[in-house]
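Protein chains in written order, with our numbering: chain A, 15 to 355; chain E, 15 to 355.
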């Protein structure tokens, strides 16, 4: 699978993705609906202005990958409980809060093809609305029968923030080591997937070894997801994903293809690429990275993480997992690679 | 007591305040030291850049009124436990996180006479650092023997954010009703005091009635504190409090003296005051508000809230409270009124 943008029109590509997700989510459809309903109910306020903001924010919720992972892990390990529903809502709310704050950081004008909340209501309201959603998510997490979910999600969020701070600190530092790159993306992207999958297993009664395997499954999916994001940012088309694209390099975010390229060219090549990056010459930079196979390299890394995610599920006991759940989790992993859809 | 700035030099005023606080904090000195040590230990990271940011942030912690309230309430109701230490750290961390985010909102350049973190590291880092501190505070709160502290502090923070959003939404709306003004300040300022005091009582084994009384005590202190803040903002001197002053009205924040003034003048007077406020003519505005006794009115409201805070402590059983603790809590309430120091 290559990360090149699909040549099909955006709408039919989105339709295809929807069809795949509908199939992958089929075993957890009633539970995901409960998550959606509770999510909507929790984003509310008596104050009319705040209520309108929260209603607007509801649309930030997209494919619901984090709650879906949590529910699928639960289903694969045993029984999906009310704790799963609560924590599915928490996962989605924490993700939403980070999106609200990310838009401030990215100065994004669009989010899911609509005006972002900071474009609409200003940075101050975005900061506070994100803070409210964080706090309320933690409040909800304490409704579970045990505090494990609250503890793990608060730990995960603290790490997520560290990953994002490191990313800001390494702005325009395109020659970052791969190790630091992975430290950043494991924090800012993968930790929330990993914790969601792990908690899904835990609240279905899985033992520690299986929980750890699901944590790793989510972590590998998250790594692959972020690498695909890097690729999409440089190779995707704005109309396909509904947010401002090609902006990572222009905003000085180190991405895996560029890190690979800079590590594989001589000094003049290095200078040429850095100049192109710093001056925002996207087309020239893309051509340079194709020459060193840096996009292919990044895609191969994403593929390898997905393979590792699948392999890690070997510890899942045949006896407890319902028919076909392991294969479904394989397909969920593969779906991450099809994100140009 | 009038809110006019002390004519004594800043340093000796600060020394006097320190001396009062030293006496008020005397019964909880060892516990407050534990809170400070744990607070410092928890604001840490392996990443050098983040570690430096967190070290810088430590200085945001000032009088530690919230942990002190929590510990004093605990001491007044029974025994101070390790839960109190943990929750004292949480209260101070949540407060610190809101300060970090407030500086973005206020575009403040100074905080406690040093460069604010957003002036130093930019808005993006400030957003993320605040988010980290929030998340980590919730993580720590779960180390308590029961989840009550975590639940109450997450609920309190969610309300705090709502109060702040309402304040932003009502910017330049100087003719706000007093009811809405109080809804805002009860959220943005008083809720965290109220919850701190209440949890101090709860974890010392106080019954529901006493817990409620401590919640109200903190709420009344918070209301008084914010009104004093309004007064200081218009009447204080920058050198005395180490942050940019006179900025509330210029930034369009409705304050109690101005709300009172606008409700007590005729149409030309209203226009004159609004023009002065909108054009940032602080001296003219101050004189107008003196004429309607609006500063005196606000100071009287602050006094009344402090009186109510003290009266509410009547429910505290004589038998359990150690000698002099009730009187000490009276003095803590009075201290809020001496904030020009």
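Glycine included, C-beta positions come from ideal geometry on N, C-alpha and C. Owing to the predicted nature of the structure, the values given are computational and were not obtained by experimental measurement.
Buried versus exposed call for residue i [16 or more other C-beta atoms within 10 Å across all chains shown]
i	result
residue 206 of chain E	buried
residue 267 of chain E	buried
residue 237 of chain E	buried
residue 29 of chain E	exposed
residue 43 of chain A	exposed
residue 66 of chain E	exposed
residue 331 of chain A	exposed
residue 219 of chain A	exposed
residue 112 of chain A	buried
residue 90 of chain E	buried
residue 172 of chain E	buried
residue 342 of chain E	buried
residue 259 of chain E	Caution is warranted here: a pLDDT of 45 is assigned to residue 259 of chain E, below 50, making its placement in the model unreliable, and the coordinate value is therefore given only provisionally. Residue 259 of chain E comes out buried.
residue 36 of chain E	exposed
residue 75 of chain A	buried
residue 305 of chain A	exposed
residue 145 of chain A	buried
residue 163 of chain A	buried
residue 159 of chain E	exposed
residue 254 of chain E	Low confidence applies to residue 254 of chain E: its pLDDT is 47, below 50, so where it sits in the model is not reliable, and the reading given next is rough at best. Buried.
residue 155 of chain A	buried
residue 185 of chain A	exposed
residue 19 of chain A	Any reading at residue 19 of chain A must be qualified, since the residue scores a pLDDT of 43, below 50, and its modelled position is unreliable; no value is offered.
residue 191 of chain A	exposed
residue 285 of chain E	exposed
residue 345 of chain A	exposed
residue 8 of chain E	The displayed coordinates of chain E run from 15 to 355. Any statement about residue 8 of chain E would go beyond what the structure contains.
residue 336 of chain A	exposed
residue 132 of chain A	buried
residue 223 of chain A	exposed
residue 93 of chain A	exposed
residue 47 of chain E	exposed
CB contact check: residue i to chain B, cutoff 8 Å
i	result
residue 109 of chain E	No chain B is present in this structure, whose protein chains are A and E.
8 Å Cβ cutoff met for residue i and residue j
i	j	result
residue 118 of chain A	residue 140 of chain A	yes
residue 176 of chain A	residue 58 of chain E	no
residue 249 of chain A	residue 309 of chain A	yes
residue 99 of chain E	residue 45 of chain E	yes
residue 327 of chain E	residue 315 of chain E	no
residue 201 of chain E	residue 84 of chain E	no
residue 110 of chain A	residue 71 of chain A	yes
residue 302 of chain E	residue 274 of chain E	no
residue 107 of chain A	residue 151 of chain A	yes
residue 312 of chain A	residue 244 of chain A	yes
residue 433 of chain E	residue 167 of chain E	Nothing about residue 433 of chain E can be read from this structure; chain E reaches only from 15 to 355.
residue 188 of chain E	residue 299 of chain E	no
residue 38 of chain A	residue 349 of chain A	yes
residue 290 of chain E	residue 234 of chain E	no
residue 263 of chain A	residue 296 of chain A	yes
residue 178 of chain E	residue 79 of chain A	no
residue 204 of chain A	residue 240 of chain A	yes
residue 116 of chain A	residue 217 of chain A	no
residue 197 of chain A	residue 180 of chain A	yes
residue 195 of chain E	residue 288 of chain E	no
residue 114 of chain E	residue 81 of chain E	no
The ligand ADP heavy atom lying under 7 Å from the CB of residue i
i	result
residue 97 of chain E	Among the ligands in the structure shown, none appear at all, so the ligand ADP cannot be discussed.
Check your understanding: If you measure beta-carbon to beta-carbon, which residues of the stretch 162-193 of chain A are closer than 7 Å to chain E?
Key -> Going along the stretch 162-193 of chain A in chain order, one finds 164, 165, 168, 169, 171, 172, 175, 176, 178, 179, 180, 182 and 183 with a Cβ nearer than 7 Å to chain E.
**Study point:** Sufficient close CB pairs (3 or more, under 8 Å) joining the stretch 229-245 of chain E to the stretch 194-213 of chain E
**Key:** In this structure the stretch 229-245 of chain E touches the stretch 194-213 of chain E; the number of beta carbon pairs closer than 8 Å is three or more.
Exercise for review: Can you give me, in chain order, the residues of the stretch 62-92 of chain E that have a beta carbon less than 8 Å from any beta carbon in chain A?
Suggested key: Within the stretch 62-92 of chain E, the residues whose Cβ lies closer than 8 Å to any Cβ of chain A are, in chain order, 63, 64 and 67.
Practice item. Can you give me, in chain order, the residues of the stretch 139-152 of chain A that have a beta carbon less than 8 Å from any beta carbon in chain E? Key: The residues in question are 139, 141, 142, 143, 144, 145, 146, 148, 149, 150 and 152.
Exercise for review: Please list the residues of the stretch 290-312 of chain E that have a C-beta atom closer than 7 Å to any C-beta atom in chain A, keeping them in chain order.
Suggested key: Residues of the stretch 290-312 of chain E whose Cβ lies closer than 7 Å to any Cβ of chain A: none.
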